[in-house]
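Adding 4 to a residue's 1-based position in the sequence shown gives its number in our numbering.
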Amino acid sequence: MSNQEIIERIEKLKKEKNAVILAHFYQIPVIQDIADFIGDSLNLAEKAKNTDADLILFCGVHFMGETAKILNPNKKVIIPDLEAGCSLADSCPAKDFAEFKKQYPDHITISYINCSAEIKTLSDIICTSGNALELVNSLPKYQKIIFAPDKNLGGYLNRITGRDMVLWNGTCEVHELLTAEYVLIKKKENPDYILIAHPECNDAVLQLADFIGSTSAMINFVKNNEHKKFLVATETGIVHQLKKDNPEKDFIVVTQNESCSCNDCRYMKLNTLEKVLYSLENEVYEINLDEKLIQEAKKPIIRMLDLSRELGIIK
Ligand code: 13P
Ligand code: SF4
C-alpha cells in the first residue's frame, strides 16, 4: 500500500470508530500530519482528558499513553508499539524511588510527567517542561522538594529559582548526549543563529541557550520571533512543525558531534504509518492499568492541571 492509501484507510477507520489520534512533536512527519492534535506533553494530557472520542490512539511513548488512560479511564487507549518506552522514565524504578524518598520525609515530591504510573503514585505534583518553572515558583520558598526523575530539568529549575531541590539522578538519553563542545562549534560556524534548547539538555548546553522551553514553547518562540536562523537542541521531530510554521526560516539541529544521529529518539521513532494503521484496525496495543493505580496516579496529574489553570498556563 502507498502512504496515501494507508492515510485514507486511517481516516476511514477514525470515523467508523470515533477515534482520535494524538501525536507528540517528536513523531515522524507523516504521523504528525495525520494527527487530529499535535502538542507537547502538557497539551496532550489536556486533550486526552477532554476528548469525547471513544478510542484514543496515542502516537508518542508509553508513559504518554498511560497518562491518557489515567486521565480518561473509561476510554480505550491504544499505542502503535508497546516497545516505545522512555529512557528517562526507565531511569526511575518505583521500588528504588520509594526507598530514596524515605531519606527525605519532610519533602514533597514533584515528578516530571516522563515517569511511570507507579512513580506518579509516589508524587505530590506532576509537571511538564511547559509548566515546571511556574509550578515550582508557586510553592513557598521554605517548602522542601524532591524533583524526579530528570536531573537536568531539576538542575535547571534549581539554578533559575535559587532553590535546592533534591534531584533524582535520571536523564533522557537523547538530550543528555548533546554536547556544549559541539554547540560551540556550530555557534562559531553560524554566528547569526540563535540557540533554542529543551530543558532536558545538560546544564553546559542550557547555559549557552538563548531560549529554553518545552517543545510547544520553542515552536511558539520561533513563530513569534523576528530572527530567521536557529540552532535547535532537542529531538529532530520538532523541525517538521518549525518548518511548517516558518518556511522562510532556517534550522540547524545540534547533535553530539558531526557524524551522529543521536537526536532521533529511538522510542519515539518506533511508530510508523503502517503501525498506526495496524493499531487502529486491530485496536492494539491497549493500555490497561489497575483501577487503584489509576486513582492514585491521577491525583498529582489533576493537581498539575488545576494549578496550571490557576496560574494561567492552560485555559
Ligand atoms: P515536551 O513536549 O513536553 O517538551 O516533552 C518533551 C519530551 O521529552 C517528550 O518525551
Ligand atoms: Fe524519553 Fe527522551 Fe525519548 Fe522523550 S526524547 S521519550 S524523554 S528518551
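C-beta: ideal position from N, C-alpha, C; glycine also. Just so you know, these numbers come straight off a predicted model, no measurement behind them.
Going by alpha carbons, who is nearest to residue i out of the options?
i, options, result
"LEU92", "LEU157, ASN78 and HIS111", "LEU157"
"ILE318", "GLU177, GLU138, VAL280 and GLU300", "GLU138"
"GLU300", "VAL187, PHE29 and SER120", "SER120"
"PRO97", "ASN118, ASP85 and VAL81", "ASN118"
"ASP268", "ASN194, ILE242 and PHE234", "ILE242"
"ILE35", "LEU315, LEU311, SER283 and SER133", "SER283"
"GLU193", "LEU46, HIS111 and GLU262", "GLU262"
"ASN286", "THR125, ALA57, ASP85 and PHE41", "ASP85"
"GLU338", "HIS231, THR240 and ILE74", "In the structure as shown, the chain starts at 5 and stops at 319, and residue 338 therefore has no counterpart that could be examined."
"GLU122", "ALA201, GLU295, VAL209 and SER312", "GLU295"
"LEU188", "ALA213, MET222 and GLN8", "ALA213"
"GLN107", "ILE150, PRO195 and ARG13", "ILE150"
"VAL258", "MET272, LEU143 and GLU239", "GLU239"
Since residue i contacts residue j with CB under 8 Å, what's their CB separation in whole angstroms?
i, j, result
"LYS79", "LEU59", "7 Å"
"GLY64", "GLN31", "7 Å"
"ILE10", "LEU281", "5 Å"
"ALA72", "SER115", "Contact doesn't hold; Cβ gap of about 17 Å is too wide."
"ILE154", "ASN162", "Contrary to the premise, residue 154 reads as Asp rather than Ile in this sequence. Rounded, the Cβ-Cβ distance is 12 Å, inconsistent with contact."
"PHE255", "ILE198", "Actually they do not touch by this definition, with Cβ atoms about 11 Å apart."
"PHE67", "TRP172", "With 8 Å as the limit, PHE67 and TRP172 do not qualify as a contact, their Cβ atoms being about 15 Å apart."
"LEU51", "LEU26", "Per the sequence shown, residue 51 should be read as Lys rather than Leu. At roughly 6 Å, the Cβ-Cβ gap stays under 8 Å, so LYS51 and LEU26 are in contact."
"ILE42", "PHE62", "No, ILE42 and PHE62 are not in contact; Cβ-Cβ is about 12 Å, not under 8 Å."
"THR132", "LEU75", "In fact, because the Cβ distance is near 13 Å, the residues do not count as touching under 8 Å."
"LYS279", "ASN250", "In fact, because the Cβ distance is near 30 Å, the residues do not count as touching under 8 Å."
"ILE130", "ILE291", "About 17 Å separates the two Cβ atoms, so there is no contact after all."
"VAL209", "LEU181", "About 10 Å separates the two Cβ atoms, so there is no contact after all."
Report whether the distance from the Cβ of residue i to the nearest heavy atom of ligand 2 is below 7 Å.
i, result
"LEU92", "yes"
"ASN321", "There is no way to answer for residue 321, as the model of the chain reaches only from 5 to 319."
"ASN12", "For the sequence presented, residue 12 should be read as Glu rather than Asn. GLU12: no, Cβ never under 7 Å from ligand 2."
"CYS63", "no"
"MET222", "no"
"HIS179", "yes"
"MET272", "yes"
"TYR30", "yes"
"CYS205", "no"
"GLU239", "yes"
Let me know the secondary structure DSSP gives residue i once reduced to three states.
i, result
"GLY158", "helix"
"ILE114", "strand"
"HIS28", "strand"
"GLY166", "coil"
"ALA201", "strand"
"ASP214", "coil"
"LEU235", "strand"
"ALA328", "Only positions 5 to 319 of the chain appear in this structure, which leaves residue 328 out of reach."
"GLY43", "strand"
"ILE38", "helix"
"ASP254", "strand"
Would you check whether ligand 1 has a heavy atom nearer than 7 Å to the C-beta of residue i?
i, result
"GLY159", "no"
"SER283", "no"
"SER95", "no"
"HIS66", "no"
"CYS266", "no"
"THR219", "yes"
"LEU315", "no"
"SER115", "no"
"CYS131", "no"
"HIS244", "no"
"HIS202", "yes"
Buried or exposed for residue i, please, with buried defined as at least 16 other CB atoms from any protein chain shown within 10 angstroms of its CB.
i, result
"TYR146", "exposed"
"ALA39", "buried"
"GLY174", "buried"
"ASN206", "buried"
"GLU2", "Residue 2 cannot be examined here, being either before or after the span of the chain that is shown, 5 to 319."
"SER218", "buried"
"GLN245", "buried"
"ASP100", "exposed"
"CYS90", "buried"
Could you tell me whether any Cβ in chain C is nearer than 8 Å to the Cβ of residue i?
i, result
"LEU277", "This model lacks chain C altogether; it includes just one protein chain."
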